[in-house]
Every structure is written in C-alpha cells, then in structure tokens.
Amino acid sequence: MSHPHPELGAPPELPTGGLRVIPLGGLGEVGRNMTVFEYDGRLLIVDCGVLFPDEHQPGVDLILPDFAPIRGRLDAIEALVLTHGHEDHIGATPYLLRERGDIPLVGSELTLALLNGKLREHRLKQPVSHTVKEGDRISFGPFDLEFIAVNHSIPDALAVAIRTGAGLVLHTGDFKMDQLPLDGRITDLRAFARLGEEGVDLFLTDSTNAEVPGFTTAERKITPVLDQVFREADQRIIVACFASHVHRVQQILDTAVAHDRRVAFVGRSMVRNMGVARDLGYLTIPSGVMVEAKELADLPVDRQVLISTGSQGEPMSALARIANRSHHFVNLEAGDTVVLASSLIPGNENAVYRVINGLSRWGARVVHKGNALVHVSGHASAGELLYCYNIVRPRNVLPVHGEVRHMLANGALAKQTGVENVVYAEDGVVVDLVDGVASVTGKVPVGYVFVDGPSIGDVTESELKDRRILGEEGFISVIVVVDSVAGKVSAGPEIHARGHAWDDTMFEAIKQPIVDAVNGLLSEGVDDTYQLQQSVRRTIGRWVSSTHKRRPMIIPVVVEA
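Numbering (UniProt numbering), first residue to last: 1 to 561.
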C-alpha cells in the first residue's frame with residue numbers, strides 16, 4: 001500500500017545540477033531499505049532489502065520494495081551500493097537482478113559474500129562486483145563514492161559519502177558508536193568530521209533508536225551475562241540469534257569454550273552465514289569446539305550448546321520447531337536453557353511470545369531481553385545521534401530507516417543542534433537537493449510487493465484482506481438454482497459454512513428470505529446471474545451480521561437450470 005500524501009503530485013523535471021532522492025523503502029518502516037539517487041539522468045541505488053510480514057499478512061513470505069518507479073530506467077542504474085549484510089538491506093537484491101542482471105554491486109567483503117550465497121540460492125549469475133573497504137573511493141558515472149567504517153551488529157558495515165555536482169551527501173546506513181567493539185572496528189568519527197569540514201549538503205541518518213535516550217549499551221556488556229547463564233545451566237543450552245550476528249555467535253563460542261561445552265549450528269541460514277564468516281576470518285572458531293548438530297546428542301547434556309535461528313518466532317525456524325517438539329533431531333527437555341539473544345522486530349512480538357510460551361511449557365528456562373541483558377541494539381541512540389550532528393554540521397537532514405515516530409524524533413534531535421532544514425519523507429516521497437537546499441517536490445506511486453511462494457507481486461492488498469477474513473470470520477457458500485423460463489427458484493438454497501461453530505441447520509431461517517429476494521428480482525425481469533448473486537450475498541450477509549455478529553466471506557453461486 002502507498003503511504004498517503006494526497007497533497008503531493010508527480011515531481012517536476014529535475015533542474016540541471018540538482019540531485020533527486022527517491023526512497024522506495026525503509027522510510028516509515030523498519031525494513032525494506034532502498035534509496036535511489038538521480039543526477040544528470042543517471043541513477044545510483046543504496047541498499048535493496050526486504051521487510052518481513054506480520055500476522056496481518058497471512059501467507060506472505062517476504063515484502064519487497066516497489067521497483068515500478070525505476071523499471072523503465074533500469075539501463076540508467078550505475079551501481080547498487082550495499083551498506084551491510086543484513087536482510088533488510090540486501091535481501092531484495094536477487095529480485096532486482098531478475099529485472100536487470102548486470103547491475104554492478106558495491107559492498108564490503110562480508111556483505112558481498114553473504115549476498116553471493118543468496119544469489120546461488122536464486123540460481124542467478126553473479127554480476128560484476130566491487131569489493132570496497134573503509135577509506136576507499138570509487139566512481140560510477142557522475143557519482144563519486146567514498147566509504148567510511150561504521151560499527152553495527154554485523155561486521156564490515158559502511159557509511160557512504162556520495163559526491164555529485166549538486167553537493168556532498170552522507171548516508172550512514174545502520175550504525176552505532178560502540179567505543180569498545182568486539183572486533184575493534186569503531187565508527188570513524190574522524191572521517192565524519194573531515195566530511196563535515198568539507199561541507200555535507202544532505203545527511204541521511206539512521207533513525208531506529210532516536211527515541212532512546214543516552215548511548216546504546218556496548219556489546220561487551222553481554223559477555224558476563226552469558227557467562228552467568230552458562231555457569232547456572234546444568235543441561236543443554238540453546239541460543240537463538242540472527243543468522244548474521246557474527247559478534248554474538250563469537251561471544252557464545254568463547255563462552256562455551258570457557259565452560260567446556262561443545263557447539264553445533266542449527267538452521268540452514270545460520271550454517272551458511274557462519275561458514276562464510278569463518279572462511280573470511282570474521283569468526284574465529286576455537287579448535288575442538290564445533291561438532292555436527294546430530295552428533296551433539298551423543299555428548300552429556302551439560303556439554304551441549306546449540307546456536308539456532310528463529311529468534312523472531314518464525315513458524316518454520318529451528319527454534320519454533322524445537323518449541324513445538326517437531327524438530328527432527330532436537331528434543332527439548334525440562335531443565336534445558338534457551339537464550340533469545342536478539343531484539344524484537346516490531347510486528348513480531350506475538351510470534352516471539354508464542355515460542356517463549358511453547359518452550360516454557362516443556363519446562364525450559366527461557367532467558368530473553370526482557371529478563372536479562374542478552375542483547376543490545378545495533379543502532380545509535382539519541383546521544384550518539386546528537387554527537388554526529390555536532391560533528392558533521394550538515395546543511396540539510398533527511399531522517400531514514402525507521403517508523404514515522406523514529407524519524408520525527410531524529411529530526412527533532414537535528415534541530416536541537418542547530419540544523420535549520422530537516423526534511424521528512426516516506427516511501428515514494430521525492431526530495432530534491434537544488435542549490436544546496438533540500439525540499440520535498442512530489443511523490444511517485446509505490447506499494448508493497450508481496451512474495452508468496454513463487455509468486456512475486458501477484459498478491460494484492462484486496463487478496464490479503466480476503467485471507468484475513470477467511471482466517472478470522474470463516475466463509476459461507478450459497479448455491480441457488482433458478483428456472484429462467486418459469487422466473488423462479490427451482491432448487492436451493494443450499495448453504496454450507498466453514499471456519500466457525502456453525503451447523504448448516506442454523507441457516508434454515510434465512511433460506512426463505514433468499515428465495516424471496518431472488519424471486520423478486522426474477523419477477524422484475526432481472527435474470528443477470530451477477531445481480532442475482534449480489535442479492536443473495538446481501539440478504540444472507542445482513543442476516544449473519546445481525547444474528548451472529550460476524551462478517552464472513554460469502555460465496556454465492558446462482559445456476560440456471
């Protein structure tokens with residue numbers, strides 16, 4: 001669905017020397033990050049991620065950015081820059097490459113390696129890619145790019161400075177300012193300051209934690225908590241975290257070694273991503289600590305550690321199947337300890353609590369962010385954002401990556417530091433940087449693109465509404481046979497219901513009103529099947545609503561004898 005901006009029309013032609021920013025995802029939501037920059041008729045894309053569905057989108061696997069605004073200009077794309085390897089920043093890339101397979105990819109070593117695994121799964125040929133690191137500078141068409149190290153909850157994250165004739169843009173990507181990171185790689189504030197001295201014309205900043213005061217807790221604070229959990233556990237330990245959280249997995253491995261436990265990975269994405277991280281040197285696996293998952297069961301329970309996917313309650317994930325006791329080789333026992341070492345992505349709360357309840361029902365001790373410091377955010381809190389604004393001193397600010405409340409809070413912080421021009425936008429809202437001033441100039445139509453199995457973009461909001469009705473209210477089918485010659489109902493109505501505690505005999509009271517309604521139309525000379533079906537729908541719909549306080553899906557069928 002498009003974000004409503006009825007006051008905005010299509011943007012005018014971009015003035016010569018101006019830079020256009022078109023967010024196709026990530027503004028007004030946490031996920032689906034994708035921003036298009038246009039200068040001199042050429043395009044640069046930063047990130048191309050997915051959004052994961054919530055319980056109001058039944059049957060949907062993934063939600064993609066809407067490529068429609070650029071579909072007719074794919075040949076104008078100079079490159080796709082990926083700031084880091086999280087799914088909400090790289091997950092939609094295979095779908096974009098289906099539209100144009102030779103778009104050059106730009107990213108850090110780990111980011112591109114994680115993406116390559118996804119491309120192989122989609123059976124796509126890897127296009128030309130450019131591996132960059134902090135300090136590198138590379139040009140694509142009119143876009144001169146410089147990359148800056150930033151600290152995040154995945155190694156090798158990068159901010160990108162984009163220079164064009166319209167000015168200097170700094171896009172932070174996702175970042176925080178952990179001063180004692182586990183890998184020693186801090187956010188390069190010296191580079192931010194240097195760019196500030198040069199003059200940042202437009203600053204795009206991560207808004208996710210803008211409402212959180214102070215500074216984000218350091219990753220190192222988790223280590224003693226994990227050590228205590230391991231020390232107190234006398235049976236198996238299962239730790240669920242994001243399949244890309246290399247730092248967290250490293251902490252678990254090191255803690256397992258300290259407590260003489262062996263570790264196995266469970267979940268396809270966890271096995272794949274940690275294999276990539278190990279091969280590239282981002283994950284150090286101590287000798288003798290790893291075993292195959294099926295072999296772990298041969299060890300005493302007080303020496304077993306499983307690192308699993310499913311921290312967001314995904315129904316088919318390893319942890320959800322363990323909670324349901326449907327996993328093919330992991331059998332949860334009373335006294336086991338389960339650690340959910342991740343944050344709650346908005347919209348996933350019910351699914352996560354459902355898994356926690358399932359685990360607790362079998363007697364497991366569940367440790368999560370609500371009762372222990374087993375996860376810290378990967379995003380800058382308000383204090384860090386203020387710090388950045390004071391260092392960079394941008395002329396214009398465009399808050400990105402967050403829900404509306406996050407972006408508004410981020411913009412308020414920018415204004416507190418003296419930034420005079422803060423521009424707020426949502427997906428599809430066009431922002432132009434002309435003569436050093438950023439402003440909203442229009443909008444392009446964008447919506448959610450749903451992936452449902454092999455179907456991409458075929459599922460509509462209307463169909464999702466039908467699915468919700470079916471799931472919540474059930475459905476009723478009504479079959480009526482009419483004799484068009486005699487002009488009356490000759491058989492039926494036959495009524496069947498599913499999805500509620502309805503007995504078909506409950507509908508006896510409405511059968512005659514349906515017959516009367518159809519006969520009435522037939523007597524007036526109305527013999528159009530569609531109109532007769534609509535009359536059946538209205539008649540039984542009003543009755544069900546008033547009698548049973550339900551609004552089920554109604555499927556009327558009128559057959560001519």
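By construction, the Cβ of each residue, glycine as well, lies at the ideal position given by its N, Cα and C atoms.
Run the CB neighbour count on residue i, radius 10 Å, all protein chains shown included, and call it buried at 16 or more, exposed below.
{"i": "Val558", "result": "buried"}
{"i": "Gly18", "result": "buried"}
{"i": "Tyr530", "result": "exposed"}
{"i": "Glu292", "result": "exposed"}
{"i": "Leu373", "result": "exposed"}
{"i": "Leu180", "result": "exposed"}
{"i": "Leu14", "result": "buried"}
{"i": "Glu384", "result": "buried"}
{"i": "Arg248", "result": "buried"}
{"i": "Lys176", "result": "buried"}
{"i": "Gln250", "result": "buried"}
{"i": "Gln512", "result": "exposed"}
{"i": "Arg325", "result": "exposed"}
{"i": "Ser381", "result": "buried"}
{"i": "Asp483", "result": "exposed"}
{"i": "Pro12", "result": "exposed"}
{"i": "Asp298", "result": "exposed"}
{"i": "Ser535", "result": "buried"}
{"i": "Pro300", "result": "exposed"}
{"i": "Asp88", "result": "buried"}
Between residue i and residue j, how many whole angstroms is the CB-CB distance? I'm expecting something under 8 Å.
{"i": "Arg261", "j": "Gln304", "result": "7 Å"}
{"i": "Thr216", "j": "Asp178", "result": "7 Å"}
{"i": "Leu82", "j": "Val106", "result": "7 Å"}
{"i": "Phe147", "j": "Val160", "result": "6 Å"}
{"i": "Gly520", "j": "Ser207", "result": "Not really, about 59 Å apart at Cβ, beyond 8 Å."}
{"i": "Gly103", "j": "Pro127", "result": "In the sequence on display, residue 103 carries Ile and not Gly. With a Cβ gap of about 6 Å, Ile103 and Pro127 count as contacting."}
{"i": "His152", "j": "Gly378", "result": "5 Å"}
{"i": "Gly85", "j": "Ile154", "result": "6 Å"}
{"i": "Ser311", "j": "Ala240", "result": "4 Å"}
{"i": "Ala233", "j": "Asp188", "result": "That belief does not hold up - the Cβ atoms of Ala233 and Asp188 are roughly 39 Å apart, past 8 Å."}
{"i": "residue 570", "j": "Gly135", "result": "Outside the displayed span of the chain (1 to 561) sits residue 570, for which this structure offers no information."}
{"i": "Asp279", "j": "Gly436", "result": "Asp279 to Gly436, Cβ: 46 Å. No contact."}
{"i": "Gly407", "j": "Leu119", "result": "The question names Gly, but residue 407 in the sequence shown is Met. That belief does not hold up - the Cβ atoms of Met407 and Leu119 are roughly 32 Å apart, past 8 Å."}
Leaving out the 5 sequence neighbours to the left and right, which residues in its chain are closer than 7 Å to residue i when beta-carbon positions are compared?
{"i": "Gly196", "result": "Ile391, Val392, Arg393"}
{"i": "Gly492", "result": "Ile479, Val480, Val481"}
{"i": "Ser2", "result": "Summary for Ser2: the model assigns pLDDT 40, below 50, so the residue's position carries little reliability; its value from the coordinates is reported in the next sentence. Within the same chain, Ser2 has close Cβ partners Gly428, Pro445, Val446, Gly447."}
{"i": "Val257", "result": "Pro286, Val289"}
{"i": "Glu219", "result": "Asp178, Pro181, Leu182, His247, Val376"}
{"i": "Ala76", "result": "Gly41, Arg42, Leu43"}
{"i": "Arg272", "result": "Gly117"}
{"i": "Glu494", "result": "Ile479"}
{"i": "Ser317", "result": "Gly267, Thr309, Gly310"}
Leaving out five residues before and five after residue i in sequence, what residues of the same chain have Cβ atoms less than 6 Å from its Cβ?
{"i": "Lys369", "result": "His375"}
{"i": "Met270", "result": "Ala243, Thr309"}
{"i": "Ala414", "result": "Tyr389, Val397, Val422"}
{"i": "Leu62", "result": "Val50, Val451"}
{"i": "Ile204", "result": "Contrary to the premise, residue 204 reads as Leu rather than Ile in this sequence. Excluding positions up to five away in sequence, the list reads His171, Leu398, Val400."}
{"i": "His122", "result": "Pro94"}
{"i": "Val338", "result": "Ile238, Leu359, Ala364, Val366"}
{"i": "Val515", "result": "Val489"}
{"i": "Ala497", "result": "Ile476"}
{"i": "Trp543", "result": "Ile510"}
{"i": "Phe230", "result": "Thr255, His259"}
{"i": "residue 563", "result": "Past the boundaries of the shown model lies residue 563; the chain is included only from 1 to 561, so the question cannot be answered."}
Quick one: what's got a C-beta closer than 8 Å to residue i's C-beta in the same chain, skipping five residues either side?
{"i": "Val423", "result": "Asn396, Val397, Leu398, Val431, Ala438, Ser439, Val440"}
{"i": "Ile222", "result": "Arg248, Gln251, Ala341, Leu373, Val374, His375, Val376"}
{"i": "Phe143", "result": "Phe37, Tyr39, Arg42, Leu44, Glu78, Ala79, Ile162, Arg163, Thr164"}
{"i": "Val526", "result": "Leu532"}
{"i": "Thr131", "result": "Gly107, Ser108, Glu109, Leu112"}
{"i": "Leu115", "result": "Leu82, Gly85, Ile90, Thr93, Leu105, Gly107"}
{"i": "Ser545", "result": "Arg551"}
Using 8 Å as the limit for Cβ to Cβ distance, is residue i near chain B?
{"i": "Leu8", "result": "Checking the listed chains, one finds no chain B in this structure; it contains a single protein chain."}
Exercise for the section: Would you mind listing the beta strand (DSSP E) stretches within the segment 339-424 that are 3+ residues and don't spill past its ends, in chain order? Expected result: Taken in chain order, the whole beta strand (DSSP E) runs of length 3 or more contained in the segment 339-424 are 365-367, 396-400.
Problem - Those runs of the beta strand (DSSP E) which lie wholly inside the segment 280-326 and span at least 3 residues - result: You should have 304-308.
Practice task
Determine, using beta-carbon pairs with one atom in the segment 67-87 and one in the segment 196-206, whether at least three such pairs fall under 8 Å.
Solution key: Contact fails: fewer than three Cβ-Cβ distances are below 8 Å.
Handout entry: Three or more C-beta pairs below 8 Å linking the segment 89-99 and the segment 45-52
Key = Yes: at least three Cβ pairs fall under 8 Å.
Practice task
Could you tell me whether the segment 318-331 touches the segment 276-288, where touching means 3 or more Cβ pairs closer than 8 Å?
Solution key: Flag = no, the segment 318-331 and the segment 276-288 do not touch.
Practice task
At 4 residues or longer, and completely inside the segment 77-106: list those alpha helix (DSSP H) runs for me, N to C.
Solution key: With a minimum length of 4 residues, the continuous alpha helix (DSSP H) runs that stay inside the segment 77-106 are 87-90, 93-97.
Problem - Every unbroken alpha helix (DSSP H) inside the segment 152-201 [4 residues or more] - result: Entirely contained in the segment 152-201, the alpha helix (DSSP H) runs reaching 4 residues are, in chain order, 189-198.
Exercise for the section: Note down, one range per segment and in chain order, each beta strand (DSSP E) of at least 3 residues found wholly within the segment 7-73. Expected result: Every unbroken stretch of the beta strand (DSSP E) spanning 3 or more residues and falling wholly within the segment 7-73 is given here in chain order: 19-25, 34-39, 42-46, 62-64.
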